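**Q** Let me begin by handing over the structure; questions about it come next.
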Amino acid sequence: MRRKLLLLTILLLPFLPVRIQAEGSGRDDIHIRITEAGMQKTSADDIVLPQMLPGDEQIYTLRVENRSKEEQELYLKLCAGEGQLTEILELQVMQDGHRLYEGTMQDAQSGIEMGRYAPQEMTTLRITLRLPKETDNTYSIREAAVDVELTAQMVRSSVATGDRTQRTLLISSILASISFLIIIRRRRKDHEEAR
């Protein structure tokens with residue numbers, strides 16, 4: 004009974020909700036915490052772009068902290084609504100000096116893989132949004148909001164219980180079958196020689 008309950012718990016564990024909290028501590032800073040209670044999205048996880056002219060860039064810091072008890076695999080997605088803004092705005096995402104993504108926002112719509120994070124692990128991302136110099140003033144951004152979406156997926160780990168009953172049973176069955184086949188062949192051979 005105990006084993007069945009453990010197996011049922013392990014199977015249902017990935018379906019428990021993961022909570023993502025976001026808090027803004029300034030115009031250029033976003034802090035997101037992942038907890039066990041479920042997922043929550045607040046307006047604080049939006050980036051508001053001020054008026055930008057061709058060649059301008061805005062840099063934002065995103066701190067992500069895994070406060071859950073499980074390892075999480077994280078994906079980042081930035082959406083600027085509909086229209087030509089996603090086609091024009093250039094996006095660069097850096098993490099600990101490594102470039103995770105560089106290109107247009109439109110190309111990043113499927114999500115940027117951030118990697119796996121152990122419980123209590125924290126990371127900082129630097130997000131740079133740039134209006135290319137090649138664009139003319141008709142594409143100047145008066146003000147726009149960029150929605151920051153973070154997806155956390157619990158990483159399933161296999162539980163090693165040490166119970167090898169099924170493996171032992173399978174090996175024993177195979178050995179018994181092989182022994183049985185050898186005995187049958189020998190009896191046939193002996194029976195044919197006796198004739």
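Sequential numbering of the sequence shown, starting at 4, is according to the numbering used here.
In this text, a Cβ means the ideal position worked out from N, Cα and C, and glycines have one as well.
What you are looking at is a predicted structure, and each value in this text was computed from that prediction instead of being measured.
Given a threshold of 16 other Cβ atoms within 10 Å of its Cβ, counted over all protein chains shown, does alanine 83 qualify as buried or as exposed?
**A** Label assigned to alanine 83: buried.
**Q** Should alanine 148 and isoleucine 50 be called a contact, given that it needs their Cβ atoms to be closer than 9 Å?
**A** Contact flag set, yes.
**Q** What does the alpha-carbon distance come out to for the pair threonine 131 and threonine 107?
**A** So the two alpha carbons sit approximately 11 Å from each other.
**Q** Quick one: measure Cβ to Cβ for threonine 138 and proline 53, integer angstroms, because I've assumed they're closer than 8 Å.
**A** With 8 Å as the limit, threonine 138 and proline 53 do not qualify as a contact, their Cβ atoms being about 16 Å apart.
**Q** When DSSP labels each residue in this structure, what does aspartate 193 get in the three-state scheme?
**A** Helix.
**Q** Would you decide whether glutamine 112 is buried or exposed? Buried here means 16 or more other CB atoms lie within 10 Å of its CB.
**A** Flag for glutamine 112 reads exposed.
**Q** In the structure shown, what three-state DSSP assignment does threonine 171 receive?
**A** DSSP places threonine 171 in helix when its eight states are reduced to three.
**Q** With distances taken from CA atoms, which of Gln95, Arg129, Ala155 and Ser180 is nearest arginine 66?
**A** Among Gln95, Arg129, Ala155 and Ser180, the Cα nearest to that of arginine 66 is on Arg129.
**Q** Return yes when the Cβ of threonine 127 is within less than 9 Å of the Cβ of tyrosine 78, no when it is not.
**A** No, Cβ-Cβ distance for tyrosine 78 and threonine 127 is not below 9 Å.
**Q** If you run the structure through DSSP and keep just helix, strand and coil, what is isoleucine 185?
**A** Of the three classes helix, strand and coil, the one that applies to isoleucine 185 here is helix, per DSSP.
**Q** Which two residues bound the contiguous alpha helix (DSSP H) that contains glutamate 90?
**A** Glutamate 90 -> alpha helix (DSSP H) spans 88-91.
**Q** Quick one: residues in its chain with C-beta nearer than 7 Å to the C-beta of glutamate 60, no 5 flanking neighbours on either side, listed in chain order?
**A** Around glutamate 60: Thr131, Leu132 and Arg133.
**Q** What's the C-alpha gap between aspartate 193 and isoleucine 187?
**A** One C-alpha to the other measures close to 10 Å.
**Q** Helix, strand or coil for aspartate 1 per DSSP?
**A** No answer is possible for residue 1: it lies beyond the span of the chain, which begins at 4 and ends at 198.
**Q** Helix, strand or coil for alanine 179? Go by DSSP, reduced to three states.
**A** Helix at alanine 179.
**Q** Determine the DSSP secondary structure at glutamine 54, reduced to helix, strand or coil.
**A** Three-state DSSP puts glutamine 54 in coil, outside helix and strand.
**Q** How many Å lie between leucine 173 and phenylalanine 183 at the Cα?
**A** When rounded, the distance between both Cα atoms is 15 Å.
**Q** Cα-Cα, which of Thr89, Leu178 and Tyr120 is closest to proline 135?
**A** Nearest option by C-alpha distance: Thr89.
**Q** Taking just the CA atoms, how far does tyrosine 104 sit from methionine 97?
**A** Taking the straight line joining both Cα atoms gives about 7 Å.
**Q** Only counting the same chain, and skipping five residues up and downstream in sequence, which positions put a Cβ closer than 8 Å to that of isoleucine 91?
**A** Taken in chain order, the residues that qualify are Thr107, Leu134, Pro135, Thr138 and Tyr142.
**Q** With distance defined between alpha-carbon atoms, name the residue in Lys80, Arg190, Thr64 and Arg119 nearest to glutamine 109.
**A** Checking every option, the nearest Cα to that of glutamine 109 belongs to Lys80.
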